[in-house]
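Engineer:
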Amino acid sequence: MKKEVKLLLLIFFLALVIRIIFVFITPIKYWDETVYSNLGYQLSQNPFDYSLKNAFWSDFIPSAGNLIYSWPNIGFRAPLLPYFLSIFYFFRIDFLIDFLIPLIGALSVVLIYLIGKKLFDYKTGLYAALLFCFVPLHVFYSAKILTDVFFTFLVLIMVFFFWKGFEENRNKYKVLFGLFFGSCILSRYNGLWFIPIFGLYLFIRNRFNVFKDKYFWISFLMFILVLSPLLIYSFITYGNIFGAFIHGIPASSYWGGLQNWSFFFENWFDMFSMAGLVFVVGLFYIFYKKEYTKKEVYFLLIYFVLFLFLAMIMPHKEDRIILPIVPVICLILGLFLSKIKKYRLIVLLLIVGITLYSLYGSLNQSYAISNNINSRCFNEIVKYLSVQKDDSLLISENSPIFYYYIKKESQYYPYPLDLDGLNFIVNSSKKRVYFVFTRLNSGMSYEEFLGFKNILNENYELVFNCSIDPDVNFIYSKHNFQ
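Mind the numbering: the sequence shown is residues 33 to 514 in my numbering, read in order.
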């Protein structure tokens with residue numbers, strides 16, 4: 033076995049171990065994790081029902097005042113990951129799901145190497161793969177059942193096939209490029225951002241000559257074919273073939289408020305650690321040495337600049353949105369390290385050392401959050417509800433989360449949150465109703481909470497409260513349920 037292959041395998045296993053450690057350190061799922069998992073579970077029972085109409089849980093669905101884009105339509109959630117998860121639920125191997133994204137994240141290391149070797153040389157690929165292994169942003173989200181790492185993995189495959197197809201003129205890879213381009217969009221709708229990225233690069237390289245290539249059009253047809261199930265779903269559900277994408281627009285500004293354009297720069301070090309800082313040095317080096325004139329380099333620069341720019345103009349920003357630029361950062365760093373000789377080892381050790389320290393800090397923070405009072409009380413509540421044998425309905429702020437853990441019907445508190453609304457739920461249900469409150473992931477103001485708890489105290493029976501923090505983690509019900 034070649035030395036470079038042995039090194040790559042070592043980097044892969046190191047990346048996998050690091051990502052699995054984060055899985056065990058952060059056991060409580062994020063909201064979106066439970067949404068995608070619940071959709072996967074639901075699709076395993078009926079793969080043609082991509083909505084919440086017959087679900088026993090719900091999600092916050094942005095509508096922007098348009099009923100077509102309201103409950104139960106959930107097309108704003110890209111469908112590929114839920115359908116992928118449904119396979120695990122269908123074959124009853126869903127216990128492996130927690131390790132799926134870490135595996136995909138670790139496999140991305142191999143793709144980084146292949147792309148680095150293809151664009152530059154094997155040393156650049158190895159340096160890029162090693163650095164990618166430790167980038168905090170990618171490691172952290174590799175432990176989450178979210179679309180971002182999955183999407184980034186598909187992007188890497190797409191980029192690899194793009195280069196082999198359109199730069200090496202190998203026709204079968206042009207077709208595969210179309211297939212994986214469509215798959216990228218099915219996994220996250222901001223895969224559409226690659227249309228201007230590839231379009232600009234091809235225009236610079238070939239002007240309009242690419243349109244004369246028969247296999248370009250075959251690739252385009254494959255792209256449309258892959259997207260066709262989503263387009264058909266959109267037409268049936270929303271009345272137009274772009275409905276799912278349109279629904280995603282209000283969704284992009286619905287959660288978490290609005291962030292400043294500088295959000296990503298303000299959090300640059302937290303996301304990328306020392307790798308992000310040395311990357312900036314690498315950019316200066318590229319321009320100083322005029323490396324940017326090479327097609328491989330300006331392709332990466334077009335990719336980086338356009339993707340980051342489009343992320344910056346989004347109204348709502350989260351760090352994970354720019355996960356697909358992590359490979360570019362690592363490839364530029366790999367190129368930079370392969371060019372410098374005198375200080376290469378020092379720079380590499382500096383990046384890896386400080387980035388590992390950042391990872392250690394992130395690990396400690398994740399562990400602290402997973403074991404704080406709110407998390408422990410949440411686990412107590414889940415344990416209590418899990419052993420209740422009655423046919424019950426859970427009312428809480430966290431419908432998808434409780435359904436994920438307990439698999440019992442779960443709805444939101446009524447709006448407005450008053451006694452009439454609570455009584456209506458109890459009187460219209462044949463199930464025992466539990467009103468669940470946990471401070472974890474709560475969006476209530478203090479005044480709302482006090483009014484809500486006062487209603488429960490006066491009209492319902494307290495059946496459980498957390499042993500550690502009972503005042504803000506509790507369950508009420510009614511003894512004379514139907």
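C-beta: ideal position from N, C-alpha, C; glycine also. These numbers were taken from a predicted model, which means no experiment stands behind them.
Per DSSP, F469 forms a beta bridge with which residues?
Structural biologist: The partner list for F469 (beta bridge, DSSP) reads F506.
Engineer: Suppose you measure from the CA of A343 to the CA of L451; what does that come to, to the nearest Å?
Structural biologist: Spanning the two alpha carbons is a distance of roughly 43 Å.
Engineer: Got a sec, what are the start and stop residues for the alpha helix (DSSP H) S370 sits in?
Structural biologist: Segment V358 to K371, the alpha helix (DSSP H) holding S370.
Engineer: For the stretch 168-181 against the stretch 196-213, are there 3 or more C-beta pairs whose distance is under 8 Å?
Structural biologist: No, because fewer than three Cβ pairs between the stretch 168-181 and the stretch 196-213 fall closer than 8 Å, the two stretches do not touch.
Engineer: Where does N86 sit, in a helix, a strand or coil, going by DSSP?
Structural biologist: Residue state, collapsed to three classes: coil.
Engineer: I want to see whether chain C comes within less than 8 Å of F92, judged by CB atoms only; does it?
Structural biologist: Of the protein chains in this structure there is only one, and it is not chain C.
Engineer: Return the residue from the list L46, L42, V358 and P59 that minimises the CA-CA distance to N404.
Structural biologist: Out of L46, L42, V358 and P59, P59 has the C-alpha closest to the C-alpha of N404.
Engineer: Let's test the definition: count the other Cβ atoms within 10 Å of the Cβ of N505 and tell me whether it reaches 16, buried, or not, exposed.
Structural biologist: N505 should be labelled buried.
Engineer: Between N222, K246 and G366, which lies nearest to F307 when the distance is taken from Cα to Cα?
Structural biologist: Note that residue 307 is Ala in the sequence shown here, rather than Phe. If we check each option's Cα against that of A307, G366 comes out closest.
Engineer: In three-state DSSP terms, what is Q77?
Structural biologist: Helix at Q77.
Engineer: Leaving aside the five residues before and after F185 along the sequence, list all residues of the same chain whose C-beta is less than 8 Å from its C-beta, in chain order.
Structural biologist: For F185, where only same-chain residues beyond five positions count, the Cβ hits under 8 Å are I136, G137, L139, S140 and L143.
Engineer: Is the separation between the beta-carbon of L395 and that of F54 shorter than 8 Å?
Structural biologist: Yes, Cβ-Cβ distance for L395 and F54 is below 8 Å.
Engineer: Once DSSP output is grouped into helix, strand and coil, what is the label at V167?
Structural biologist: Reduced to three states, the DSSP call for V167 is coil.
Engineer: Could you give the C-beta distance for Y466 and S509, rounded to a whole number, given that I count them as a contact under 8 Å?
Structural biologist: Confirmed, Cβ separation roughly 5 Å.
Engineer: Which ranges would you report for the alpha helix (DSSP H) in the stretch 196-279 if only whole runs of at least 4 residues count?
Structural biologist: Complete alpha helix (DSSP H) runs here, min 4: 203-219, 226-238 and 246-270.
Engineer: In this structure, does DSSP put S294 in helix, strand or coil?
Structural biologist: It is coil, neither helix nor strand.
Engineer: Checking the sheet assignment: what are the DSSP bridge partners for N105?
Structural biologist: Partner(s): S83.
Engineer: Classify Q420 as helix, strand or coil using the three-state DSSP reduction.
Structural biologist: Three-state result, Q420: coil.
Engineer: Put N512 into one of helix, strand or coil per three-state DSSP.
Structural biologist: Low local confidence applies: a pLDDT of 49 at N512 is under 50, so the model's placement there is unreliable, and no value is given.
Engineer: Helix, strand or coil for Y445? Go by DSSP, reduced to three states.
Structural biologist: Here Y445 sits in coil by DSSP.
Engineer: With DSSP collapsed to three states, give me the class of E493.
Structural biologist: DSSP places E493 in strand when its eight states are reduced to three.
Engineer: Classify R352 as helix, strand or coil using the three-state DSSP reduction.
Structural biologist: In this structure, R352 counts as helix in the three-state DSSP scheme.
Engineer: Please work out which residues of its chain come closer than 7 Å, Cβ to Cβ, to A520, disregarding the five sequence neighbours upstream and downstream, and give them in chain order.
Structural biologist: For residue 520 there is no data in the structure shown, the boundaries of the chain being 33 and 514.
Engineer: By DSSP, does I427 sit in helix, in strand, or in coil?
Structural biologist: Strand, per DSSP.
Engineer: Taking C-beta to C-beta, are I133 and F182 nearer than 8 Å?
Structural biologist: Yes; because the gap between Cβ atoms is below 8 Å, this pair is in contact.
Engineer: In terms of residues, what are the limits of the alpha helix (DSSP H) holding M476?
Structural biologist: Looking at the DSSP string, M476 is not in any alpha helix (DSSP H), and its letter there is neither H nor E.
Engineer: Give the secondary structure of R464 by DSSP, where H, G and I count as helix, E and B as strand, and everything else as coil.
Structural biologist: Of the three classes helix, strand and coil, the one that applies to R464 here is strand, per DSSP.
Engineer: Label S460 either buried or exposed according to how many other C-beta atoms from any shown protein chain fall within 10 Å of its C-beta, with 16 as the threshold for buried.
Structural biologist: Burial call: exposed.
Engineer: Taking Y330 and I229 to be in contact with their CB atoms under 8 Å, please state how far apart those CB atoms are, rounded to whole angstroms.
Structural biologist: The pair is not a contact, with the Cβ atoms about 12 Å apart (cut-off 8 Å).
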